[in-house]
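**Student:**
Protein chains: 2
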Amino acid sequence: MAESKADTRERILDAAERLFMAHGYEGTSMRQITSEAGVNLAAINYHFGSKESLMQEVFRRRLDWLNEERLRVLDQFEAESDGKAIKPSLIVDGFFGTLLRIADDEERGGMTFLRLLGRTLTDPSEFIRTFLAHEYKAVVDRYKEALFRALPDVPKAEIVWRFHFMLGATSYAIAGTDSLRLVTDWQIEAEDATDRLDRLVPRLMSFLLGGLRAPLPQFSEAAVDSL
Amino acid sequence: MAESKADTRERILDAAERLFMAHGYEGTSMRQITSEAGVNLAAINYHFGSKESLMQEVFRRRLDWLNEERLRVLDQFEAESDGKAIKPSLIVDGFFGTLLRIADDEERGGMTFLRLLGRTLTDPSEFIRTFLAHEYKAVVDRYKEALFRALPDVPKAEIVWRFHFMLGATSYAIAGTDSLRLVTDWQIEAEDATDRLDRLVPRLMSFLLGGLRAPLPQFSEAAVDSL
DNA sequence: CTATGATTCAAACGAACGTATGAATCATAG
DNA sequence: CTATGATTCATACGTTCGTTTGAATCATAG
């Protein structure tokens with residue numbers, strides 16, 4: 001019984017994860033989900049209550065581990081650095097590297113979940129954004145604090161902005177991997193898929209760290225005083 | 228007559244732009260649009276043919292100017308640099324700065340259009356992505372070429388990736404300005420809105436250039452040969 | 001074996017969706 | 001002023017949406 005229940009629930013979650021990634025929340029119907037999962041239409045409302053709750057559960061299933069792992073990694077860095085600030089490259093890797101390495105980990109959602117997450121960060125639906133914001137807040141706050149300590153000469157506002165920029169570059173890098181690839185449409189040498197994934201992490205890391213450590217911007221004319 | 232027609236068309240486009248930005252394409256109904264525009268429900272199908280065509284017209288109205296301006300700026304840089312490569316900072320400003328300065332230009336769509344564009348780059352809807360890709364291709368190709376010449380020591384594949392990352396950071400910076408602000412939730416000093424916008428451009432430019440000029444990534448073990 | 005609670009199922013609900021229609025209204029040309 | 005073509009309008013069409021319902025089926029406990 002418990003197995004059947006868990007089975008149906010997981011089949012629904014898997015199908016929903018894939019379809020929400022491919023067509024978005026509004027663009028995916030419950031009939032598509034239950035059809036792809038091979039379960040009855042009413043199963044979603046029975047097991048999750050509503051489409052919204054299903055969406056939240058799709059994320060919670062993956063984010064619980066991700067956020068715990070991110071905190072665990074940061075704890076470990078802090079324990080190993082006895083009092084001194086952690087290197088920015090380690091902090092960035094703890095947050096973004098931990099996320100990106102899910103790509104190879106089908107158990108944790110793989111590329112499907114990564115793309116879903118990347119796209120959802122800019123999703124227009126109100127309840128999704130508030131849910132994600134709430135889910136992320138604690139972890140982001142800890143990483144921000146770590147960056148403040150690691151870069152004492154950089155104004156905090158600047159660090160927050162750059163964290164924002166890093167989030168954007170990362171989410172777009174994974175969400176757009178085959179959507180807006182058309183835009184850039186690299187006639188570049190066609191690295192095969194695995195290559196591309198293996199190399200994405202170091203490539204993105206270099207970019208993020210370069211941006212994080214870039215020279216501070218010069219603001220024109222007025223309003224320079226507060227710096 | 229022509230005025231009334233143009234008026235209705237523009238009222239629809241304005242309302243659609245705002246609502247698509249706020250709720251997404253799938254999340255916005257034709258009844259919401261016509262209601263907000265103060266026109267009859269059938270007006271959209273009469274003037275645009277379908278909801279999809281309306282969406283395309285919403286973008287074309289803004290992108291036509293943006294793409295022309297980007298090409299114009301690049302042409303000018305090339306003319307002024309007689310033969311020599313253009314500085315990366317100018318190229319980046321030509322592409323991303325030109326975009327971001329729309330924020331202050333209500334005539335060209337202002338923040339509403341910027342947010343819509345940022346969100347749409349990762350939109351799940353198939354036809355939207357193909358439309359945008361087609362609309363962007365020519366301009367992106369010219370800017371890529373300019374970057375290739377400006378950074379002859381950086382492998383082309385790397386430049387293409389970093390262009391991708393810059394696109395992501397930018398679109399997220401504008402799309403998420405009040406959505407995922409919750410995530411970062413800066414208790415930082417509350418710069419007022421105009422300040423924030425004035426400073427966003429130089430802040431983002433510093434970040435983008437830092438990322439673009441970052442040290443090249445080191446790939447682990449195998450597959451380093453092709454570099 | 002029987003009873004009980006959990007799960008699945010087919011079927012239907014009302015609401016909202018994008019689109020189509022034909023008459024009414026409008027502005028202009030002759 | 002009248003005729004013509006463009007625009008607006010109220011209304012309806014057929015689908016699809018998320019959700020609900022009550023009976024059928026299943027697994028386990030007594």
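These protein sequence lines are chains A and B, in that order. Per our numbering, the very first residue in the first sequence carries number 1; after that it's consecutive. Per our numbering, the very first residue in the second sequence carries number 228; after that it's consecutive. Don't be surprised by glycine CBs; every beta carbon is placed ideally from N, CA and C.
1) Rounded C-beta distance between B:Leu374 and B:Pro315? I'm assuming under 8 angstroms.
2) With a threshold of 6 angstroms on Cβ separation, who are the neighbours of A:Glu189 within its own chain once the five nearest residues in sequence on each side are excluded?
3) With a floor of 4 residues, list each alpha helix (DSSP H) that falls wholly inside the region 305-329 of chain B, ordered by position along the chain.
4) Using only alpha-carbon positions, find the residue among A:Thr8, A:Arg11, A:Arg119, A:His164 that is nearest to A:Val92.
5) Do A:Arg199 and B:Phe446 count as a contact pair if the criterion is CB distance below 8 angstroms?
6) Of all Cβ atoms in chain B, is any one closer than 8 angstroms to the Cβ of A:Leu151?
7) Please report how far the alpha carbon of B:Gln283 lies from the alpha carbon of A:Glu78, in whole angstroms.
8) Are any of the Cβ atoms in chain A nearer than 8 angstroms to that of B:Arg346?
9) Tell me which residue opens and which closes the alpha helix (DSSP H) that B:Leu374 is part of.
10) Check B:Arg440 in the structure and name its three-state DSSP category.
11) Kindly indicate which residue of A:Glu10, A:Pro152, A:Gly24, A:Arg213 has the alpha-carbon position closest to the one of A:Lys84.
12) How would you write the range of the alpha helix (DSSP H) that B:Gly276 sits in, first residue to last?
13) Pull up the distance between the alpha-carbon of B:Ala270 and that of B:Thr261, whole angstroms please.
14) Residues in the region 28-52 of chain A with C-beta within 9 angstroms of chain B's C-beta atoms, listed in sequence order?
15) What is the rounded straight-line gap between the Cα of A:Asn45 and the Cα of B:Leu268?
16) Excluding five sequence neighbours on each side, which residues of the same chain lie with their C-beta closer than 8 angstroms to the C-beta of A:Asp123?
17) Would you say A:Phe256 lies against chain B (beta-carbon separation less than 8 angstroms)?
18) What residue from B:Arg389, B:Leu394, B:Val428, B:Asp291 has the CA that sits closest to A:Phe207's CA?
19) From A:Asp64, A:Leu74, A:Asp104, A:Gly109, pick the residue whose C-alpha is nearest to that of A:Gly94; which is it?
20) Helix, strand or coil: how does DSSP classify A:Ala16 here?
**Tutor:** Taking the definition as stated:
1) Rounded, the Cβ-Cβ distance is 7 angstroms, consistent with contact.
2) Its pLDDT being 47, under 50, A:Glu189 is placed unreliably by the model, and the measurement read from it follows with that caveat. If we look at A:Glu189 and ignore the five residues flanking it on each side, it has no Cβ neighbours.
3) If we require 4 residues or more, the alpha helix (DSSP H) runs fully inside the region 305-329 of chain B come out as 315-319.
4) Measuring from the Cα of A:Val92, the nearest candidate turns out to be A:His164.
5) yes
6) no
7) Approximately 51 angstroms between the Cα atoms of the pair.
8) yes
9) 353-377
10) coil
11) A:Pro152
12) Here B:Gly276 belongs to no alpha helix (DSSP H), and DSSP marks it neither H nor E.
13) 8 angstroms
14) Thr28
15) Answer to the nearest angstrom: the Cα atoms are 33 angstroms apart.
16) Gly24, Tyr25, Arg129
17) Nothing can be reported for residue 256 of chain A, as the shown portion of chain A is limited to 1 through 227.
18) A:Phe207 has its Cα closest to that of B:Arg389, out of B:Arg389, B:Leu394, B:Val428, B:Asp291.
19) A:Leu74
20) helix
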